[in-house]
Amino acid sequence: MYQFSGKLKTFSLALILIGLVGIGYGFYSAPKTVEEAKEVIAQQASHGDSHATSHEEVSADGHKSEAHGESHGSVDGSHDDAHAEHVLHQLKNKPWSAVYVALFFFLGITLLVLAFYAIQRVAQAGWSILLFRVMEAITANLVPTSIVMVLIVISAVMHWNHMFPWMAEGVFDPTSPNYDPIVDGKSWWINVPGWAIRSIIYLALWNAYRWFIRRNSIKEDTANDGGKTYKMSYNASVGFIFVFMITETMMSWDWIMGLDPHWFSTLFGWYVLSSLLVSALTVIALVTIYLRSKGALPGVNDSHIHDLAKYMFGFSIFWTYLWFSQFMLIWYADIPEETTYFAMRFNEYNFPFLAMVVMNFAFPVLLLLNSDFKSIPWFIVIGGVAILCGHYIDIFVMVMPGTVGDQWSFGIPEIGAILFFIGVFIYATFSSFAKASAIPTGNPFLGESKHYHYYNIEHRGEGSGDHH
0 MYQFSGKLKT FSLALILIGL VGIGYGFYSA PKTVEEAKEV IAQQASHGDS
50 HATSHEEVSA DGHKSEAHGE SHGSVDGSHD DAHAEHVLHQ LKNKPWSAVY
100 VALFFFLGIT LLVLAFYAIQ RVAQAGWSIL LFRVMEAITA NLVPTSIVMV
150 LIVISAVMHW NHMFPWMAEG VFDPTSPNYD PIVDGKSWWI NVPGWAIRSI
200 IYLALWNAYR WFIRRNSIKE DTANDGGKTY KMSYNASVGF IFVFMITETM
250 MSWDWIMGLD PHWFSTLFGW YVLSSLLVSA LTVIALVTIY LRSKGALPGV
300 NDSHIHDLAK YMFGFSIFWT YLWFSQFMLI WYADIPEETT YFAMRFNEYN
350 FPFLAMVVMN FAFPVLLLLN SDFKSIPWFI VIGGVAILCG HYIDIFVMVM
400 PGTVGDQWSF GIPEIGAILF FIGVFIYATF SSFAKASAIP TGNPFLGESK
450 HYHYYNIEHR GEGSGDHH
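Numbered per numbering that gives the first Met the number 0, the sequence shown spans residues 0 to 467.
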């Protein structure tokens, strides 16, 4: 049985600690007053990189921007104060947003690993059985990330952060100067009680299935019940896929689209799904390659790695298709309510927005198009790292414009959040993998997985001896 080494455990705890320090620094260094915000604005102007803050109808904290509706006779001082207050709320959102981007990325990856695992069970796929314990171990990360998400939900409801502009005071009150008729028209869906309750329900349903399927999977190894336990797992997986498809779409509306409450896209749920699914398959491949290199996955051969790489390649193309479909239709129709989403990203996030497209499409195509390359571990690692970085940027560009506007940067808080969640992921995944047999001996399709061989590749890696 695999042993979670002391070195790896220490490394993960060190990442968590360093990450917490970076996150703490982000909150500590964020401006606290309008005067401090004015100093930041002055520094930006002196460095020549002031973006001329984009004055949206509703700012990051939900307060209406006065830039467009201001009369020419207004006093410059009051305009400067309003602008500085607008920037202050954006800067206060920065450390929260840094944590939120990394949290959503890692929670989403874990959720999609769980969904892919459920799909394998429902499809009764034979090739992937030897990877089941890897996928189960990765889904252990669902518990800590769900706990952090609950804390984020509580902090939003309590107005400790202002990432969701529709939560601001007066947005739904017609008598308030903050009243937003567009958001009020969606109040049947975006309201604080409904949003918070739905968020808790999503997390509860996902974790309930994860707990049940993990328990049953281990139980299968010793169960001698004529396949009863296996059938229970199958039936639960069928139900979970149905629940997942609904909750994932709603989650993307609530947790991401809610950051830009004026904007909507009927394709958005699928787009978020594709981004997280590519990342999830990449993580499965990277963890599998690592554990196989340590001799912890007997029976896993190059054909298993090859199939994971095919999924990485295929769903990278699928992501590109959805990205282009959403962008092209909105650009061609040129409807102001829709184009505002991409206008902000082209104007203020031009480099990460375009770099993300290259990293998520060009890299997978160039590295994984050739069939022979899909079974070379170090090649997959290079492509996998590029894919994960690209899809992190994808989430970054989804979140930041709605929360911090043009006051974005990539620095210590963002790096700290990434390191924190990497540390949590490593600790949760490998401690879970060490608690059960690496081979699901009770699965009826195990023999098919052990003898799985993709005819068109040369087996050069560990565990390939059976195929020579």
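For every residue, glycine included, the Cβ atom is placed at its ideal position computed from N, Cα and C.
When you compare only the Cα positions, how much space is there between residue i and residue j?
i, j, result
"GLU486", "PHE211", "Residue 486 cannot be examined here, being either before or after the span of the chain that is shown, 0 to 467."
"SER431", "VAL271", "27 angstroms"
"ILE196", "ILE189", "11 angstroms"
"MET355", "VAL423", "25 angstroms"
"ILE217", "ALA435", "7 angstroms"
"GLU337", "MET250", "20 angstroms"
"ALA385", "SER370", "19 angstroms"
"LYS63", "SER175", "Because the pLDDT of LYS63 is 43, which lies under 50, any placement of that residue in the model is unreliable, and the number read from its coordinates should be weighed accordingly. Those two C-alpha atoms are separated by around 11 angstroms."
"LEU19", "ILE421", "12 angstroms"
"SER463", "VAL364", "Unreliable placement is indicated for SER463, whose pLDDT of 41 sits below 50; no coordinate value is reported for it."
"PHE352", "TRP318", "14 angstroms"
"ASP183", "ASN177", "11 angstroms"
"PHE345", "TRP322", "14 angstroms"
"ASN349", "PHE263", "21 angstroms"
"PRO30", "VAL86", "10 angstroms"
"VAL39", "TYR24", "17 angstroms"
"ALA41", "ALA83", "10 angstroms"
"SER232", "ARG213", "9 angstroms"
"ALA59", "LYS91", "Unreliable placement is indicated for ALA59, whose pLDDT of 41 sits below 50; no coordinate value is reported for it."
"SER45", "VAL396", "26 angstroms"
"ASP80", "HIS161", "19 angstroms"
"ILE481", "VAL149", "In the structure as shown, the chain starts at 0 and stops at 467, and residue 481 therefore has no counterpart that could be examined."
"PHE163", "ALA101", "17 angstroms"
"VAL191", "GLU168", "11 angstroms"
"GLY193", "ILE200", "10 angstroms"
"PRO376", "LEU368", "15 angstroms"
"ALA284", "LEU202", "25 angstroms"
"MET476", "ASP333", "It is not possible to answer for residue 476, since the shown part of the chain is limited to 0 through 467."
"SER198", "VAL33", "33 angstroms"
"THR9", "ASN215", "31 angstroms"
Return the Cβ separation of residue i and residue j in integer angstroms, given the expectation that the two are a contact with Cβ distance under 8 angstroms.
i, j, result
"HIS305", "SER374", "4 angstroms"
"SER96", "VAL403", "6 angstroms"
"THR144", "LEU106", "4 angstroms"
"LEU280", "TYR310", "5 angstroms"
"ALA437", "ALA222", "That pair is no contact at about 18 angstroms."
"PHE103", "TRP254", "6 angstroms"
"PHE419", "LEU14", "7 angstroms"
"LEU366", "GLY389", "The pair is not a contact, with the Cβ atoms about 12 angstroms apart (cut-off 8 angstroms)."
"SER11", "TYR426", "4 angstroms"
"ILE392", "MET358", "7 angstroms"
"THR248", "GLY268", "3 angstroms"
Is the separation between the beta-carbon of residue i and that of residue j shorter than 8 angstroms?
i, j, result
"PHE241", "TYR208", "no"
"GLY415", "GLY21", "yes"
"PRO94", "PRO335", "no"
"LEU258", "VAL398", "yes"
"ILE316", "ILE379", "no"
"LEU307", "THR246", "no"
"PHE3", "PHE314", "no"
"MET157", "ALA433", "no"
"LEU290", "VAL133", "yes"
"SER278", "LEU387", "yes"
"GLY125", "GLU447", "yes"
"SER324", "LEU266", "yes"
"GLY441", "GLU135", "no"
"ALA114", "PHE312", "no"
"ASN206", "LEU130", "no"
"PHE341", "PHE360", "no"
Using CA coordinates, which residue listed in the options is at the minimum distance from residue i?
i, options, result
"PRO443", "ILE128, GLY5, THR428", "ILE128"
"ILE151", "PHE104, VAL357, TYR99", "TYR99"
"GLN123", "TYR340, VAL237, PRO173, THR440", "VAL237"
"MET166", "GLN89, PRO260, PHE243, THR228", "PRO260"
"THR109", "SER274, TRP126, MET256", "SER274"
"GLN406", "PHE26, GLN43, LEU16, THR9", "GLN43"
"TRP159", "ASN215, ILE200, PHE26, TRP269", "PHE26"
"ALA481", "SER198, ASN234, THR228", "Outside the displayed range of the chain (0 to 467) lies residue 481, so it cannot be described from this structure."
"LYS37", "LEU16, GLN89, SER198", "GLN89"
"LYS230", "VAL121, LYS449, PHE372, VAL170", "VAL121"
Using a Cβ-Cβ distance cut-off of 8 angstroms, determine whether residue i contacts chain C.
i, result
"PRO180", "Absent from the structure is chain C; it holds one protein chain and no more."
Using only the heavy atoms of the ligand ATP, determine whether one of them is closer than 7 angstroms to the beta carbon of residue i.
i, result
"ARG213", "Because no ligand of any kind appears in the structure shown, any question about the ligand ATP cannot be addressed here."
Exercise. When the Cβ atoms of the region 391-409 are set against those of the region 296-304, are three or more pairs found closer than 8 angstroms?
Worked result: Contact between the region 391-409 and the region 296-304 is absent, with fewer than three C-beta pairs closer than 8 angstroms.
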